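Below is one structure, written out as structure tokens; comments come after it.
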């Protein structure tokens, strides 16, 4: 039988109060001893709870997505022509730089987790969640970038939901990237409304 929402809130408050009221006891000797074991794993300790293989796959897919976005934004920056193209081209260039930063941060996290960033051009579009569509006009370029950002937003949300509390470092990284992708989508939506 479902419990009323108020009962759940009270149960959570009681549980959190119980955790806060009990003394915190850290066994530093045990932590030090565990840190000396399996040091080849680098930053990944035995308290890592996520399925590392799946997380690495997701991160490599996100990396491919960011690389495709860099390439598309760069092309659009160089190909943007027409009336009022200059501010749009400048935005494309800024987004390309930010997407490259995302790619670098994702690659760094992959290495921290003991994986290898897949930077191979072979299969890049297959690994990427977004597509590489060139667009012939400025309006088409804006639309394609907006679509790609919307794909990235949904992809990152699903990855964040999957990872949950199992890997807080990766989750925070993905949340930070998601926030920027939402800004990018908003920028493209604003430009689209003007064209």
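In my numbering, the protein residues as written are 9 to 203. From the three backbone atoms N, C-alpha and C, an ideal C-beta is built for every residue, glycine too. Being a predicted model, the structure only gives us computed values, none of them experimental.
Quick one: Cα of residue i to Cα of residue j, how far?
i, j, result
"residue 125", "residue 67", "8 angstroms"
"residue 195", "residue 62", "32 angstroms"
"residue 140", "residue 104", "14 angstroms"
"residue 178", "residue 198", "30 angstroms"
"residue 39", "residue 156", "44 angstroms"
"residue 175", "residue 95", "39 angstroms"
"residue 138", "residue 43", "40 angstroms"
"residue 117", "residue 98", "29 angstroms"
"residue 165", "residue 182", "8 angstroms"
Just reading off the alpha helix (DSSP H) that residue i is part of, what are its end residues?
i, result
"residue 106", "93–120"
"residue 170", "146–171"
"residue 75", "60–87"
"residue 130", "Premise fails: residue 130 is in no alpha helix (DSSP H) and is neither H nor E."
"residue 192", "176–202"
Got a sec? Which residues, its chain only, sit under 8 angstroms from residue i by beta carbon, not counting five neighbours each side?
i, result
"residue 158", "193"
"residue 200", "147, 150, 151, 154"
"residue 10", "The predicted position of residue 10 is uncertain, since its pLDDT is 47 and thus under 50; no value can be drawn from it."
"residue 81", "100, 101, 103, 104, 107, 153"
"residue 136", "69, 72, 73, 75, 76"
Note down, in chain order, each residue of its chain lying with its Cβ closer than 6 angstroms to the Cβ of residue i, except the 5 sequence neighbours on either side.
i, result
"residue 70", "114"
"residue 102", "none"
Please work out which residues of its chain come closer than 7 angstroms, Cβ to Cβ, to residue i, disregarding the five sequence neighbours upstream and downstream, and give them in chain order.
i, result
"residue 132", "72, 75, 76"
Count Cβ pairs between the segment 89–106 and the segment 137–150 that sit closer than 8 angstroms; are there 3 or more? yes
Closer than 8 angstroms is the cut-off here; do at least three beta carbon pairs connect the segment 175–193 with the segment 102–114? yes
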